[in-house]
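Numbering (our numbering), first residue to last: 24 to 139.
Even glycine gets a Cβ: it sits at the ideal position worked out from N, Cα and C.
Keep in mind that this is a model prediction, so the values were computed, not measured.
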């Protein structure tokens, strides 16, 4: 069982930046960030494997968000720049042990609010 602990959400103005952190209690195959806005389904934002520099991003955040992994601390980061009101959501960290399939470990979620 892997536990994920998130931090870093908050309130920011349009065009601002935030960095989310997610520390895992154990090593998995890959980690990801998801988000869920009010009234919408949860969607993947960024994913990355511990075993290769191969990040993937949803089109809405390409060029603005960056996912990175720190092997020394088992921590995943999501650097979010040029934030827009439509980025407002609860952001969740997730991890999975398999190369493909569902993410079985989830963080508690952290609120990101972008005000205009």
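Same chain, Cβ closer than 6 Å to residue i, five either side skipped, listed in chain order
i	result
residue 136	34, 111
residue 132	113, 115
residue 106	35, 39, 137
Residue i versus residue j: straight-line alpha-carbon distance, rounded
i	j	result
residue 113	residue 83	16 Å
residue 103	residue 38	10 Å
residue 32	residue 122	28 Å
Contacts around residue i, its chain only, beta-carbon distance under 8 Å, and the 5 residues preceding and following it disregarded
i	result
residue 66	57, 58, 59, 81
residue 125	119
Distance between beta carbons of residue j and residue i, contact taken as under 8 Å
i	j	result
residue 45	residue 99	5 Å
residue 43	residue 73	With a Cβ gap of about 18 Å, residue 43 and residue 73 do not count as contacting.
Burial state of residue i, where buried means 16 or more other Cβ atoms lie within 10 Å
i	result
residue 68	buried
residue 97	buried
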